[in-house]
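Worksheet: the structure to be examined is printed underneath.
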Amino acid sequence: MTPVVSGAGWWPILSVPIAVEADVVTARQRARRVAELVGFDAQDQTRIATAVSEIARNAFEHGGRGRAQFALRDAGGDDPPEAQRQRLVVRVSDDGPGFGDLDAVLEGRHRSKAGLGVGLLGAKRLMDGFRVETGAGGSTVELEKALPRRRSRLDREDLGEVVARLARERAVDPLNVLSEQNRELVRSLDELKARQDELARLNQELEDTNRGVVALYAELDARAEQLRQASDLKSRFLSNMSHEFRTPLNSVLALSRLLLDRTDGELSEEQERQVGYIRKSTESLAGLVDDLLDLAKVEAGKLDVRPADFTAAELFGGLRGALKPLRTNEAVALVFEEPPADFPPLSTDEAKVAQVLRNFVSNALKFTPEGEVRVSAAHDRDADRVLFAVADTGIGIAPEDQPRVFEEFAQIENPLQSRAKGTGLGLPLSRRLAELLGGEIALRSEPGRGSVFMLSIPRVFSGVAAVSGAGLAEPPIATGPRDRGACVLVVDDDKAFRYALRQMLNGAGYGGPAHDVVEAADGVEGLRLARAEPRPDAILLDLRMPVLDGYAVLRALAADPLTRGVPVIVATSTAEASGADARLAHARAVLSKDGLSREALVAALRGAIAASRAAAPEGER
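Okay, structure coming up:
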């Protein structure tokens with residue numbers, strides 16, 4: 001290894017001979033002092049002094065004698081950026097026989113009785129640089145420590161001052177060195193104690209934080225469970241209340257239809273107008289109930305998608321007829337753009353798409369004083385999606401109000417709001433339905449210039465399709481000769497609806513009400529009358545009843561040989577009821593009370609009785 005000489009970039013500071021054991025102490029003390037003078041802090045001073053002491057002790061014990069040389073080295077031009085600082089270099093050399101297995105020593109696999117391996121490894125860990133050269137003629141260990149970043153560069157004049165101060169200091173007193181080491185040890189112990197206290201404090205803070213986090217998660221879980229329960233309760237409440245609302249509403253609709261059909265005689269012009277208002281208000285309230293129930297079912301994940309193939313032209317044709325009565329303002333034109341001839345067919349839930357577009361058009365007609373409402377469809381071939389748009393020339397919506405129109409029960413203040421009443425459920429429900437179909441809704445609007453509501457959905461619904469069935473659709477009108485003399489048992493807890501059904505059947509080919517229409521107010525009474533002689537030719541059955549519901553009645557009728565052959569028609573307000581429901585397998589038909597007409601009821605009864613008689617043994621027909 002290159003001897004210590006003065007040259008470019010190399011600045012000798014001090015040389016300490018190691019001939020007796022006391023020189024090891026001197027080397028430690030001088031190393032600490034040199035480190036202090038060149039700018040190292042107390043911790044680094046202790047590290048450097050300890051490393052030099054260990055190597056000097058090894059030189060004395062292993063080689064018999066040696067020398068510790070201190071110098072300052074400038075950073076070389078080839079050094080990496082982090083090494084571009086001056087470095088304190090300590091070279092400790094000895095005249096011993098060298099290290100027999102240096103690699104084993106540096107890897108910690110060799111331990112001599114003198115503790116050679118421990119000293120070298122300890123020094124290596126304490127310093128930034130560590131190099132060893134060894135041979136038969138002796139060994140040299142070079143230690144390096146980069147000066148602190150905050151320390152400005154030492155020039156020749158600074159180094160001269162360091163060397164002069166070291167020369168003026170007295171010879172080392174071993175007792176003073178021992179005292180200094182004791183003080184260092186006490187400082188180190190104090191530092192260690194302070195760090196242990198700080199670590200304990202941080203651990204306590206971490207433990208407190210962890211407890212707080214655990215408590216927060218527990219609270220969040222509890223809140224989430226409360227929200228879930230509240231959502232379930234809301235859904236059940238809306239579902240139950242919708243039925244409770246539907247029952248009287250359907251009765252009012254049925255009775256108003258009887259009045260408008262002049263079943264019990266003619267109406268004056270004023271009476272007809274009043275009944276029309278009653279029916280219109282009832283239909284509006286029924287629509288609100290339907291929206292509430294649909295919203296609850298979407299939130300509960302119980303609204304099924306029933307995909308079917310249809311074309312945009314067919315969809316627009318149905319909407320054109322259904323929405324025409326909504327256009328009460330002659331100053332507003334309702335325009336359906338004809339889709340191109342090559343527009344591909346859709347395979348999704350047509351009813352839900354139509355429901356969304358009806359909501360769009362209904363809102364557009366309400367808030368467009370003049371101009372037009374235009375409905376169009378476009379196909380994105382790349383994404384295979386269909387974009388329906390409803391554009392109007394109405395009052396528009398301010399940017400800050402646009403997010404609110406999709407909130408439940410939200411109403412935007414505007415001059416038309418007083419005459420264009422709404423529930424505030426149409427657009428929120430439309431957004432949920434769009435998401436259910438795998439699509440989305442977008443809005444583009446400017447106050448005073450109109451709005452465009454857009455529905456984008458996949459052309460082909462890719463979700464799991466619901467089992468298709470008869471649902472609540474009205475059955476086709478049966479053909480053939482009309483049956484006469486039939487006895488119909490009506491099982492329903494709603495007295496008003498029983499009356500409406502009786503009036504619908506009165507004079508419809510089934511005889512007088514005193515003998516041919518029998519009423520039961522609950523399921524238990526219904527079963528008793530169904531088994532009594534003479535047994536009815538058909539049974540009209542509600543599902544939601546106290547004591548014994550319609551499902552239980554249906555099971556009992558199917559299990560009893562006396563009533564198994566009597567055809568049952570379910571007439572219910574329960575929206576979930578469907579011909580695909582396994583519990584309704586024994587029913588001949590499922591009718592919705594919503595808007596139930598005399599024609600649909602008579603056709604269902606006629607078809608059910610005819611099918612039942614055709615299936616009966618010849619002697620029993």
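For reference, each letter of the sequence shown is one residue, going 1 to 621 in the UniProt record's numbering.
Ideal Cβ positions, reconstructed from N, Cα and C, are used throughout, including at glycine.
Given the structure is predicted, the values throughout are model-derived calculations rather than measurements.
Quick one, are the C-beta atoms of Val89 and Ala71 less than 8 Å apart?
Stepping through the sequence shown from its first residue, residue 89 is reached at position 89. Stepping through the sequence shown from its first residue, residue 71 is reached at position 71. Going by C-beta atoms, Val89 is nearer than 8 Å to Ala71.
What's the gap between the Cα of Gly523 and the Cα of Met504?
Taking the sequence shown and counting its residues from 1, the one referred to as residue 523 is at position 523. Taking the sequence shown and counting its residues from 1, the one referred to as residue 504 is at position 504. Distance between the alpha carbons of Gly523 and Met504: 22 Å.
How many Å lie between Ala75 and Gly138 at the Cα?
Position 75 of the sequence shown holds residue 75. Position 138 of the sequence shown holds residue 138. About 28 Å.
Apply the 10 Å Cβ neighbour rule to Trp11 and answer buried if 16 or more other Cβ atoms are within range, or exposed otherwise.
Within the sequence shown, numbered from 1, the residue matching residue 11 stands at position 11. Under this definition Trp11 is a buried residue.
Have a look at Leu557 and Val361 and give me their C-alpha separation to the nearest angstrom.
The residue given as residue 557 occupies position 557 in the sequence shown. The residue given as residue 361 occupies position 361 in the sequence shown. When rounded, the distance between both Cα atoms is 46 Å.
Looking at the unbroken alpha helix (DSSP H) that takes in Asp128, where does it start and where does it end?
In the sequence shown, residue 128 corresponds to position 128, counting from 1. It is not in any alpha helix (DSSP H) - Asp128 carries neither H nor E in the DSSP assignment.
With a Cβ-Cβ cutoff of 8 Å, do Ala582 and Leu255 count as a contact?
For this step, residue 582 is matched to residue 582 along the sequence shown. For this step, residue 255 is matched to residue 255 along the sequence shown. Contact: no.
Under 8 Å between the Cβ atoms of Asp560 and Gly550?
As a working note, residue 560 is residue 560 in the sequence shown. As a working note, residue 550 is residue 550 in the sequence shown. Not a contact, by the Cβ cut-off of 8 Å.
Only counting the same chain, and skipping five residues up and downstream in sequence, which positions put a Cβ closer than 6 Å to that of residue 648?
Residue 648 lies beyond the residue range present for the chain, which begins at 1 and ends at 621; the question has no answer from this structure.
Quick test of your reading: Ala520 and Val566, contact by CB under 8 Å. State the CB separation rounded to the nearest angstrom.
Counted from its first residue, the sequence shown places residue 520 at position 520. Counted from its first residue, the sequence shown places residue 566 at position 566. The Cβ separation is near 13 Å, so there is no contact.
When we look at the beta-carbon of Thr209 and count the other beta-carbons within 10 Å, is it buried (16 or more) or exposed?
Locating residue 209 in the sequence shown gives position 209, where the first residue counts as 1. Burial call: exposed.
Note down the Cα distance separating Ala354 from Arg535, rounded to an integer number of angstroms.
If you number the sequence shown from 1, residue 354 lands on position 354. If you number the sequence shown from 1, residue 535 lands on position 535. Roughly 44 Å between the two C-alpha positions.
Determine the DSSP secondary structure at Ile48, reduced to helix, strand or coil.
Here the question's residue 48 lines up with position 48 in the sequence shown. Residue state, collapsed to three classes: helix.
Name the one or two DSSP bridge partners that His379 has.
Against the sequence shown, residue 379 aligns to sequence position 379. Answer by DSSP bridge pairing, in chain order: Val386.
From Val186, Asp94, Lys324, pick the residue whose C-alpha is nearest to that of Ala136; which is it?
Numbered from its first residue, the sequence shown carries residue 136 at position 136. Comparing Cα-Cα distances from Ala136 to each of Val186, Asp94, Lys324, the minimum goes to Asp94.
For Asp155, name the three-state secondary structure that DSSP assigns.
Looking up residue 155 in the sequence shown gives position 155. Three-state DSSP puts Asp155 in coil, outside helix and strand.
Could you pull the start and end residues of the beta strand (DSSP E) that Ala520 belongs to?
Position 520 of the sequence shown holds residue 520. Counting along the chain, the beta strand (DSSP E) containing Ala520 begins and ends at 517-520.
Using only alpha-carbon positions, find the residue among Ala313, Glu400, Arg432, Leu189 that is nearest to Asn359.
Position 359 of the sequence shown, counted from the start, is the residue given in the question as residue 359. For Asn359, the nearest C-alpha among the options comes from Arg432.
Apart from the five residues just before and just after Gly439, which ones in its own chain have a Cβ nearer than 8 Å to its Cβ?
Taking the first residue of the sequence shown as position 1, residue 439 is located at position 439. Result list for Gly439: Arg385, Leu455, Ser456, Ile457, Pro458, in chain order.
Kindly indicate the opening and closing residues of the alpha helix (DSSP H) around Arg502.
Here residue 502 is taken as the residue at index 502 of the sequence shown, counted from 1. Where Arg502 is concerned, the enclosing alpha helix (DSSP H) stretches over 495-505.
Tell me whether Asp264 sits in a helix, a strand or coil according to DSSP, three-state version.
The residue labelled residue 264 in the question sits at position 264 within the sequence shown. Reduced to three states, the DSSP call for Asp264 is coil.
Just to confirm before moving on: does the CB-CB distance between Leu102 and Thr134 stay below 8 Å?
Along the sequence shown, read from residue 1 onward, the residue named residue 102 stands at position 102. Along the sequence shown, read from residue 1 onward, the residue named residue 134 stands at position 134. Yes, they are a contact pair.
Do Gly39 and Leu147 come within 8 Å of each other at the CB atom, strictly closer than that value?
Numbered from 1 along the sequence shown, position 147 holds the residue referred to as residue 147. Numbered from 1 along the sequence shown, position 39 holds the residue referred to as residue 39. It is a contact, given that the beta carbons lie within the stated cut-off.
Excluding the 5 residues preceding and the 5 following Gly129 in the sequence, name in chain order all residues of the same chain whose CB lies nearer than 6 Å to its CB.
Numbered from 1 along the sequence shown, position 129 holds the residue referred to as residue 129. The answer, listed in chain order, is Glu144.
Can you give me the start and stop residues for the alpha helix (DSSP H) that Arg87 sits inside?
For this step, residue 87 is matched to residue 87 along the sequence shown. No alpha helix (DSSP H) holds Arg87; the beta strand (DSSP E) holding it covers 87-94.
Please classify Glu54 as buried or exposed, where buried requires at least 16 other C-beta atoms within 10 Å of its C-beta.
Within the sequence shown, numbered from 1, the residue matching residue 54 stands at position 54. Glu54 comes out buried.
By alpha-carbon positions, which one of Val553, Ala604, Ser597 ends up nearest to Pro569?
The residue you call residue 569 lines up with position 569 of the sequence shown. It is worth fixing the name first, because residue 569 is Ile in this sequence and not Pro. Minimum Cα distance to Ile569 is reached at Ala604.
Enumerate in chain order the residues of its own chain whose CB-to-CB distance from Arg531 is below 8 Å, with the five nearest sequence positions on each side excluded.
Translated into the one-based positions of the sequence shown, residue 531 becomes position 531. Excluding sequence neighbours, Arg531 sits near Asp560, Leu562, Thr563.
Tell me the start and end of each unbroken beta strand (DSSP E) in the region 27-75 that is at least 3 residues and wholly inside, in chain order.
Segments of the beta strand (DSSP E) lying fully in the region 27-75: 66-73.
Spatial neighbours of Ala500 within its chain, please: CB distance less than 7 Å, with the 5 preceding and 5 following residues excluded, ordered by chain position.
Working through the sequence shown from its first residue, we reach residue 500 at position 500. Cβ within range, chain order: Ser251, Ala254, Leu255, Leu258.
Measure the CB-CB distance between Gln402 and Leu365 and report whether it falls below 8 Å.
Along the sequence shown, one-based indexing puts residue 402 at 402. Along the sequence shown, one-based indexing puts residue 365 at 365. Not a contact, by the Cβ cut-off of 8 Å.
Would you mind working out which of Ala230, Leu489, Thr393, Leu37 sits nearest Gly448, comparing C-alpha positions?
As a first step, residue 448 must be located in the sequence shown, where it is residue number 448. Comparing Cα positions, the closest option is Thr393.
Whole-angstrom Cβ separation of Asp594 and Ala286, contact assumed at under 8 Å?
Reading the sequence shown from its first residue, position 594 is the one you call residue 594. Reading the sequence shown from its first residue, position 286 is the one you call residue 286. That pair is a contact at about 6 Å.
Whose C-beta lies closer than 8 Å to the C-beta of Phe343 among residues of the same chain, with five residues either side of it excluded?
To locate residue 343, count along the sequence shown from 1; it is residue 343. So the qualifying residues of the chain are Thr311, Ala312, Ala313, Ala377, His379.
Beta-carbon within less than 6 Å of Leu601's beta-carbon, same chain only, minus the 5 sequence neighbours each way: which residues are those?
On the sequence shown, residue 601 is found 601 positions in, with the first residue counted as 1. Once the five neighbours on either side are set aside, the close Cβ partners of Leu601 are Met504.
According to DSSP, is Val16 helix, strand or coil?
For the purposes of this step, residue 16 is taken as the residue at position 16 of the sequence shown. It is a strand residue.
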